[in-house]
Structures are given as structure tokens and as C-alpha cells.
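>
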Amino acid sequence: GLGRFGVYYNENAATEVTLESRFRLIVTGTAESDNGLSFGAQIRYQSNEHRDGYGAPQGNAAFNTPRFWVSTNGFTVSVGQVLGAIENMPGMYTGSIGLTGLSYRNVVYNFGADAYTSGSTGSQGVDVIYSSGAWGVHLSHSWDGSGNAGRGFDRTAVHGSYSTGQYTFAVGFQDSDNAGDTEWAATATGTWGNFTGTLAYADNDGNAKYGIAGDYQVGAATFIRGYVNHDEGLGASGDENYGIGFQHRLGGGTFLEGGVASLGGATSTTVADLGLRFSF
Amino acid sequence: GLGRFGVYYNENAATEVTLESRFRLIVTGTAESDNGLSFGAQIRYQSNEHRDGYGAPQGNAAFNTPRFWVSTNGFTVSVGQVLGAIENMPGMYTGSIGLTGLSYRNVVYNFGADAYTSGSTGSQGVDVIYSSGAWGVHLSHSWDGSGNAGRGFDRTAVHGSYSTGQYTFAVGFQDSDNAGDTEWAATATGTWGNFTGTLAYADNDGNAKYGIAGDYQVGAATFIRGYVNHDEGLGASGDENYGIGFQHRLGGGTFLEGGVASLGGATSTTVADLGLRFSF
Amino acid sequence: GLGRFGVYYNENAATEVTLESRFRLIVTGTAESDNGLSFGAQIRYQSNEHRDGYGAPQGNAAFNTPRFWVSTNGFTVSVGQVLGAIENMPGMYTGSIGLTGLSYRNVVYNFGADAYTSGSTGSQGVDVIYSSGAWGVHLSHSWDGSGNAGRGFDRTAVHGSYSTGQYTFAVGFQDSDNAGDTEWAATATGTWGNFTGTLAYADNDGNAKYGIAGDYQVGAATFIRGYVNHDEGLGASGDENYGIGFQHRLGGGTFLEGGVASLGGATSTTVADLGLRFSF
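Protein chains in written order, with the working numbering: chain A, 9 to 288; chain D, 9 to 288; chain V, 9 to 288.
1. Cα separation between Gly214 of chain D and Phe31 of chain D?
2. Label Ala142 of chain A either buried or exposed according to how many other C-beta atoms from any shown protein chain fall within 10 Å of its C-beta, with 16 as the threshold for buried.
3. Where do the ends of the beta strand (DSSP E) carrying Gly14 of chain D lie?
4. Please report the residue range of the beta strand (DSSP E) in which Glu28 of chain A lies.
5. How about Ile51 of chain D: is its C-beta nearer than 8 Å to some C-beta of chain V?
6. Which term fits Thr36 of chain A, buried or exposed, when burial requires 16 or more other beta carbons within 10 angstroms of its beta carbon?
7. Whole alpha helix (DSSP H) runs in the region 229 to 269 of chain A with 4 or more residues, listed along the chain?
8. Mind checking Asn237 of chain A: buried by the 16 CB within 10 Å criterion, or exposed?
9. What are the boundary residues of the beta strand (DSSP E) that Gln54 of chain A is part of?
10. With a cut-off of 8 Å, do at least 3 Cβ pairs link the region 190 to 207 of chain A to the region 107 to 124 of chain A?
11. If distances are taken between C-alpha atoms only, which option among V:Gly99, V:Ile94 and V:Phe231 comes closest to Gly180 of chain V?
12. Look up Leu207 of chain V in the DSSP assignment and say whether it is helix, strand or coil.
13. Cβ of Glu95 of chain A less than 8 Å from any chain B Cβ?
14. How would you label Asn68 of chain D, buried or exposed, when you count the other beta carbons within 10 angstroms and need 16 or more for buried?
15. Can Phe254 of chain A be considered in contact with the ligand ATP, in the sense that its beta carbon sits closer than 7 Å to one or more heavy atoms?
16. Compare the Cα-Cα distances from Ser131 of chain D to each of D:Ile232, D:Ile137 and D:His149 and report the closest residue.
17. Determine contact between the region 34 to 50 of chain A and the region 79 to 90 of chain A, defined as no fewer than three beta-carbon pairs at a distance below 8 Å.
18. Which residue marks the beginning of the beta strand (DSSP E) containing Tyr138 of chain A, and which one marks its end?
19. What does a CB cutoff of less than 6 Å around Ala22 of chain D pick up in its chain, not counting 5 residues either side in sequence?
20. Beta-carbon of Gly173 of chain A versus every beta-carbon of chain V: anything under 8 Å?
21. Have a look at the DSSP bridge pairing and note the partners of Leu282 of chain A.
22. Would you identify the three-state DSSP class for Leu91 of chain A, choosing helix, strand or coil?
23. Are there 16 or more other CB atoms within 10 angstroms of the CB of Phe161 of chain D, so buried, or fewer, so exposed?
24. Check the Cβ of Ala269 of chain V against every Cβ in chain D and list those closer than 9 Å, keeping chain order.
25. Compute the Euclidean distance between the alpha carbons of Phe177 of chain D and Pro98 of chain D, then round it to the nearest angstrom.
26. Can you give the beta carbon distance from Tyr53 of chain V to Phe76 of chain V, rounded, assuming they're within the 8 Å contact cut?
27. Based on DSSP bridge pairs, tell me the residues matched to Tyr218 of chain A.
28. Can you check whether the CB of Leu271 of chain D is closer than 8 Å to the CB of Tyr249 of chain D?
29. Quick one: grab the DSSP three-state call for Tyr175 of chain D.
30. What in chain D is Cβ-close to Leu45 of chain A, meaning under 8 Å?
31. Taking CB distances under 8 Å as the criterion, tell me whether Thr23 of chain V reaches chain D.
32. Less than 6 Å between C-beta atoms, sequence neighbours within five positions excluded: which residues of the same chain meet that for Asn186 of chain V?
33. Let me check understanding here. Comparing Cα to Cα, which of A:Ala210, A:Glu57, A:Ala221 and A:Thr164 lies closest to Ile105 of chain A?
34. State yes or no: is the C-beta of Thr277 of chain D within less than 8 Å of the C-beta of Asn20 of chain D?
35. Would Thr129 of chain V and Thr206 of chain V be called neighbours here (beta carbons separated by less than 8 Å)?
36. Short check: CB of His58 of chain A to CB of Gly155 of chain V, under 8 Å?
So, in C-alpha cells, the structure goes:
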């Protein structure tokens, strides 16, 4: 699991500075059959600042929906809460900054696809994942029914990835009737010494979002991360998002993290955070 | 705990085939005093397909009510959620089939008595269990009040069992004012090599249910199970239930399971399931 | 965690004798940085008699709000659910009796300050704790906002304590606009062989509460505890509370506990309990 706590600043909020905290507990059960099949199941409990499992309003803090998987030789079938093929494209999260991610505007697909979530219900469906050497394929599918009943749309997504030396390329497609959902996305990630950079593009139901993001290790335990991108879907005629953050590793799974980002839109907002995080 | 996932088929459902999954986490705390008393307490978290602890409707996925016990020398007193004397008669669950139990129509007492449940509240009360050599006695009591307040009825049940060589006999009685509750039940279980068979009878508030159930080990890791019974309470003048299933043990606490059953009644239904299960 | 179960008697209740039980599960995650900072986070699950996480009414049984801390060299900063400076004064809980605490009338500050709770939400805020040799200081602060939004008042409390040989003295102050909240409190605790006694005084928004409480070890594994105090806030012109209880240690973290107390007020009530408790 993880714990994190710190302060969060939002230029446009009524209370600009607030306490930010999160407790996540990951419960994983595993078993292995004699013929080498690995079975697993996982639930996650998550509680943000001053959230508990008591009283109304509900939705405060609880275990999410479980995910089950069986895997062998690089091949994994997962049922229950969907991981999501677009969400899991290599390079999609390059440039994630701060203690909280600061709205994760570095992620070009704008969460217009199924994605695993620790703090909510997610979508129910199936993932099929295969990797062999330099190649990887991830197929995900969720449908209207079986836990998503009444959602009104199906989602089928697939990504393929290929790594060669210092470069990794990935392209993903999604078939969905949901307004705003991502049509396709592509990432190109390269590593040069201590620097990893990603060019990313997504077609989010007709609105292109594209940009560059990078992670740079500046010292033995210190990382600088940042991104700049343009989203045609922001404001009247598109706008930019950009942000920069740092992570300092204190050892033993403990981190000091912070960042600042400009979130574009009809009303641009500057947000920032700073705090401590640790995994256990 | 356990994880299981697979597909469930119901001939008469709007969507005949659905994804089926369950995650169960068992949390047990124990302690032992210097004079040999064993103390224990247990809660269980259960989540079925796409159920979480968030949002409405509640009742989705959560921890059940705790049970506490203290035991010594074959004598156990349990308070909190009731185990149930009729539920725990030897042989009562012979012939349980499939991944999900397929409605457990093999169980002749039709759940007309207190029974421990991982996925709900159960009844609050007391169990007293004693076993010595070939004899076993189980008394359970729950009453209107103390957590069952407003339920409107008390339940007191007792069973006695006796084992001799390859045979086990059990008989149980219940005093309850609740309509439909079991009056008494009896089971006779025998084992012949790889085969275990049970004759079971229950008087469910005037409606007799009786039948035969069996478990047969057909190979090193494969079991066939089945049952046939008649229930006077089904349909206008009684009907039959029957089913057959298999379990293949994959080792390491992993199982491939499936079954098919005909559930009698005014409208008979055929149900089936197939899937993977593992314990952790 | 802990488990406890027994019977509870209340002279004035409709059902005088009820089953009492509690299950508490403590989940703690910790990490330590290379420079010696200790990080921690904790949530607690609590379920009382026949309480579960399912269905309405909510507030039955669940995880409380998390607490996060980082500490080094006797200095601790804690965010999330507040521990409370008045609650944690040395000697404040001397004389706690029985299986359940029997309403904890021995605690002179009458819970008119922030206090950590396993079975509810508590207050969100910050604690700063420092101890060095004989001296200890604890500062706590919670405010209207950041999880307590709408509460309508801030609370700032501090206590200092000093130990010298067999005596410990503590004094605490609180600034709060909440009606009934404690203004200040003081405790003096002394130990003579097997006996520990505490004189305690609290000014609860103008109503003084003061008394004496003691713990006495009468045998190798048996303790007698009791208290007498006067509370100006009870009834028309003040009334007395008194109680006595015992704890017998069965070894291995198991206990037999019971007590009886007279709770003063316009209508005085006698309550009593008896039961088993164990920690795991």
C-alpha cells in the first residue's frame, strides 16, 4: 500500500491551500497450480483526506471492485475491473508530477477509455495481455451489462507496442460509442542516459491532444519531471497544459514530492502540491 | 480467502450467460491463554462481480458481522454471527456442485434455519459445540433482540451426530415460529473407497424434502459430484431437483470447477457454470 | 487488533442485559527513510455487536479515517485524524474499568476536546508531539474546513507533562468556541509499589469535574481499578460518578474483565459488564 500527505494549492479554489492525504491498502491473493498457471485476485482500499467508511455521503472510502487474473508464459487473462489497453500504453504516464499528479494533464488520452481505479468502481470486463520479447499486445473489453448495466455503451480497445534499443513505440485504438472517448493514440518514448522523453498524441473523439513529456534524473536520488501539451478540446479553440515537478527519494520507499502545473481551459488554473509519500 | 471467476448460465434469465466472480478475504485474530483456552474472532470481506464498497446501492461488498469464540478440549462457545446447528449437520452439503453451488438445491433444509454467511449480516446469537470421540453436539440459539431486533422470531436448534467406521449419522431439530423454517432433519453418510454418499431428509415446516447426494473421486485430482432430491414445497405439488458437477484440482489450491443443475418448481430452470477458483 | 465479548447490564434500559462484542482490526503501514525518519499510516476497522459493513443504516462498522505521521528523535508530526492533546494527557485514563469502560466517566475532561476514535470519523487536523527525558509536550489543532467543514469551530489544545521519580504531573489548555468544551485540565499521578493513583481536575466550559482514580495490582495477574469524582455539569447542581472493576490476565494477551459503575445525573444509572477480551 501507500500513504501520502502534504498540502495542495489551487489558485481558483475558495480555500486555496488544503491538507491532502491518501491511504491505500492493497490486498492481493495469489496461488499457483502445478502446471505453472499463476492465479491472482486483488482489491484495494483507498481513503483520501478525512474520508472513512462510515455514514453518508457514501463513496468516501472503501474497497474497490476486485480484479482476477490467471497468467502463464507472458500471457495474462484478467476479469473483473478492467485495466484498460489505452491506459496501459507505454509512455502514457511519462511526465507525471507532484504528490498527487496535479490532475494528470500530461496523460493525452484524457481518460476517455477504461482505466483501473483504486478509489472507485471502474468498469467490469476482460483484459487479455501478451508480451514476447520486444512485442506487447493488450486487448481490453467492457460492455453494457454485467456490472456496467445501464452505462449505454461498449468499449473495445487494443494497443500494440514494440521496443528496440532505447526506443519504445506504441499505438492504440478504441471502438466506443461514448461521447468524448479516445479514438486512437500513439506514443514514442526514448531514453538518453538519465533522460526519458515521450512524444504522445491522442484523438479524443475528434479533438487532438499532443505534446512532449520528460523525466530527468538530476542526482543520485532526485528526479525532475515535466510536460507541455496542446489540447484542442480545452476552452473555445484549444489551450495548453504544462507543468514541472520533482521527486526526491529518501530511501526505504519514502519520497519527498512536489510540483506546479498550469491547467489550460476557458479559465486557466495554477495548481501545486508538496508532501511526503511512502510505500509499505 | 478465495478468488473465483467464470461464467454462469441461466436458461430463463434475460441475459443467459453472465460473468461470475467472487473475492473473499478472511481476517482471523486468535490468542491463547496460559491455561489453554483458545480465543478467536473472525470477519470476512466478500465482493461478487463488479461489487465494491462505494456508493449506493449499499449491500454490495463489505465485511460481514464478526464472530467470536473461545474453545478448549473439543468444547467451543461462539457468540456474534451464528454458525447454525442445522446448517452444520454432517453430510448436509454432500453433492455441492459447480463453481457457485448452483443455488445449493442439494441442501435439504432449504436454509430454513440460522446459517453463517460471508456476504451478509446473518443472525446474532450463540453456538455451543462439543465433540468427543465419535459423538458431536451442536446447539445454536438466536432471538428477537440483540442485533436481530424486530425479526419477530426466535430460533433454537440442536443436532447430534455419531460416527462408526465408514458411517456418520446426524439428526437435528429446530424450534422456530418463522414460517417455512425447518422442523427437523436427518442425514446418513457412508464412504466406500472413493465414493461418499448421503441420504438426507428434512421437514421444512410441513414440506418434506429428501434425496440422495454423492461425491466420487474418479482420478488422482478429479471429482464428480451430484444429487437428486424431491421437495414437496416446489410448485403446486412438489418437484425434483438434480444436478451434476466436476472439480479438477490443479494443485497449489487451484481448481477448475463446473456443473449443471435442473432447479425444479412451477417453472423449472436449468443453470450451469464453469470457472476457476483458488484459495489463498 | 482486539476482540472482546461479554454481557452488558444497564439498570434503566428496556432490555437490561444485552450481548456486547467488539472486533477491531488495526492496519498499520510503516517505512523508514535512510536519514532515520519514520513514516507511518494507520486505519482501524471496528465492528460492535452484530454490526457489519452492509446495508442501511450506515455507520455500522467500517474503517475510520486514516492518520499519517512522520517521527524522528522523539519528535512526531501527525496529520489526518487528530490524536488530541487533552485526550492524551498522562493519567487521564487512570481508573478505566470493566470490559467496555462503562461510559468512561473516570475521564474528567468529558470528551470536550478532539480525541482519536477507532469507530467513527474523529476530527481532521494536526498533532505535534515532542518528548525529551522527563518532559513532554503535545499540541493538537483542528479547524473548520479540510474535512471538518461546517463544524463551525476550531480547536487548539496543548499539554505539557513532567515526570520526577514516582510522580507525573500534566496540565493542558484548550482554545475552542464549542459549547461545553474543556478549558483546561490538570492531572497528578503517583505510584507507590503496586498502586497508581491520579488526582484529576478539568474545567469543562465553566463546570468543574474533579476526582480521584486508582489502579491496584492485587495479585500476580489481577488488577482492581476504581474512581470517584464530582461533576458540576451533572443534573441540576452536580452529581457524583463512581465505579470499580477488575482485570484478570489469563496470559497470551487474553483477559477476563468486569466492572460496575454508578453514573450520576438527573437520573442516576447503575451499569455493569463482564466478559473476555483478547488482543491479536
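Note that the Cβ used here is the ideal one computed from N, Cα and C, for glycine as well. Note that this is a predicted model, so its numbers are computed, not measured.
Straight from the coordinates:
1. Sequence index remark: in the second sequence, residue 214 of chain D carries index 206 (1-based). Sequence index remark: in the second sequence, residue 31 of chain D carries index 23 (1-based). Note on geometry: alpha-carbon atoms of Gly214 of chain D and Phe31 of chain D lie some 37 Å from one another.
2. For this step, residue 142 of chain A is matched to residue 134 along the first sequence. The residue is exposed, with fewer than 16 neighbouring Cβ atoms inside 10 Å.
3. Here the question's residue 14 of chain D lines up with position 6 in the second sequence. It spans Leu10 to Asn18 - the beta strand (DSSP E) in which Gly14 of chain D sits, taken as one unbroken run.
4. Stepping through the first sequence from its first residue, residue 28 of chain A is reached at position 20. From DSSP, the beta strand (DSSP E) with Glu28 of chain A extends over Val25 to Glu40.
5. Working through the second sequence from its first residue, we reach residue 51 of chain D at position 43. For Ile51 of chain D, the answer is yes, since a Cβ of chain V falls inside 8 Å of its Cβ.
6. Here residue 36 of chain A refers to the residue found at position 28 of the first sequence. When all chains shown are included, Thr36 of chain A counts as exposed.
7. Annotation note: the region 229 to 269 of chain A contains no uninterrupted alpha helix (DSSP H) run of length 4 or greater.
8. Position 229 of the first sequence, counted from the start, is the residue given in the question as residue 237 of chain A. Per the 10 Å Cβ criterion, buried.
9. What you label residue 54 of chain A is simply residue 46 of the first sequence in a count that begins at 1. That run of the beta strand (DSSP E) goes Ser46 to Asn56.
10. yes
11. The residue you call residue 180 of chain V lines up with position 172 of the third sequence. Closest option to Gly180 of chain V, Cα to Cα, is V:Ile94.
12. Translated into the one-based positions of the third sequence, residue 207 of chain V becomes position 199. In the structure shown, Leu207 of chain V sits in a strand (DSSP, three-state: E or B).
13. In summary, chain B is missing from the structure at hand, where the protein chains are A, D and V.
14. The count along the second sequence starts at 1 and reaches residue 68 of chain D at position 60. Buried: at least 16 other Cβ atoms inside 10 Å.
15. Summarising the ligand content, the structure contains no ligands, and the ligand ATP is consequently not present.
16. Here residue 131 of chain D is taken as the residue at index 123 of the second sequence, counted from 1. Comparing Cα positions, the closest option is D:His149.
17. The region 34 to 50 of chain A makes contact with the region 79 to 90 of chain A: 3 or more CB pairs, one atom from each, lie closer than 8 Å.
18. Within the first sequence, numbered from 1, the residue matching residue 138 of chain A stands at position 130. Note, Tyr138 of chain A: beta strand (DSSP E), Gln132 to Ser140.
19. Residue mapping note: residue 22 of chain D aligns to position 14 of the second sequence, counting from 1. So no residue of the chain qualifies.
20. Taking the first sequence and counting its residues from 1, one reaches residue 173 of chain A at position 165. Using a CB distance cut-off of 8 Å, Gly173 of chain A does not count as an interface residue toward chain V.
21. Translated into the one-based positions of the first sequence, residue 282 of chain A becomes position 274. The partner list for Leu282 of chain A (beta bridge, DSSP) reads A:Val15 and A:Gly266.
22. The residue you call residue 91 of chain A lines up with position 83 of the first sequence. Coil.
23. Sequence index remark: in the second sequence, residue 161 of chain D carries index 153 (1-based). That one is exposed.
24. Residue numbering aside, residue 269 of chain V sits at position 261 when the third sequence is read from its first letter. Simply none; closest approach about 22 Å.
25. To locate residue 177 of chain D, count along the second sequence from 1; it is residue 169. To locate residue 98 of chain D, count along the second sequence from 1; it is residue 90. Roughly 8 Å between the two C-alpha positions.
26. Position 45 of the third sequence, counting from 1, holds the residue named residue 53 of chain V. Position 68 of the third sequence, counting from 1, holds the residue named residue 76 of chain V. Rounded to whole angstroms, the Cβ separation of Tyr53 of chain V and Phe76 of chain V is 17 Å, and the two are not in contact under 8 Å.
27. Along the first sequence, one-based indexing puts residue 218 of chain A at 210. Paired residue(s): A:Tyr209 and A:His238.
28. For this step, residue 249 of chain D is matched to residue 241 along the second sequence. For this step, residue 271 of chain D is matched to residue 263 along the second sequence. In the sequence on display, residue 249 of chain D carries Asn and not Tyr. Going by C-beta atoms, Asn249 of chain D is nearer than 8 Å to Leu271 of chain D.
29. By one-based count along the second sequence, residue 175 of chain D stands at place 167. If DSSP states are grouped into helix, strand and coil, Tyr175 of chain D belongs with the strands.
30. Counting from one through the first sequence, the residue named residue 45 of chain A turns up at place 37. Under the 8 Å cutoff, chain D gives Leu258 and Thr262.
31. The residue you call residue 23 of chain V lines up with position 15 of the third sequence. Cβ-Cβ to chain D under 8 Å: yes for Thr23 of chain V.
32. Walking along the third sequence from the start, residue 186 of chain V turns up at place 178. For Asn186 of chain V, where only same-chain residues beyond five positions count, the Cβ hits under 6 Å are Phe161.
33. Numbered from 1 along the first sequence, position 97 holds the residue referred to as residue 105 of chain A. The residue with the shortest Cα to Cα distance from Ile105 of chain A is A:Ala221.
34. By 1-based counting over the second sequence, the position of residue 277 of chain D is 269. By 1-based counting over the second sequence, the position of residue 20 of chain D is 12. Cβ distance < 8 Å, so Thr277 of chain D and Asn20 of chain D count as in contact.
35. On the third sequence, position 121 is the one that residue 129 of chain V refers to. On the third sequence, position 198 is the one that residue 206 of chain V refers to. Going by C-beta atoms, Thr129 of chain V is not nearer than 8 Å to Thr206 of chain V.
36. Start at 1 with the first residue of the first sequence, and residue 58 of chain A comes out as number 50. Start at 1 with the first residue of the third sequence, and residue 155 of chain V comes out as number 147. Contact flag set, yes.
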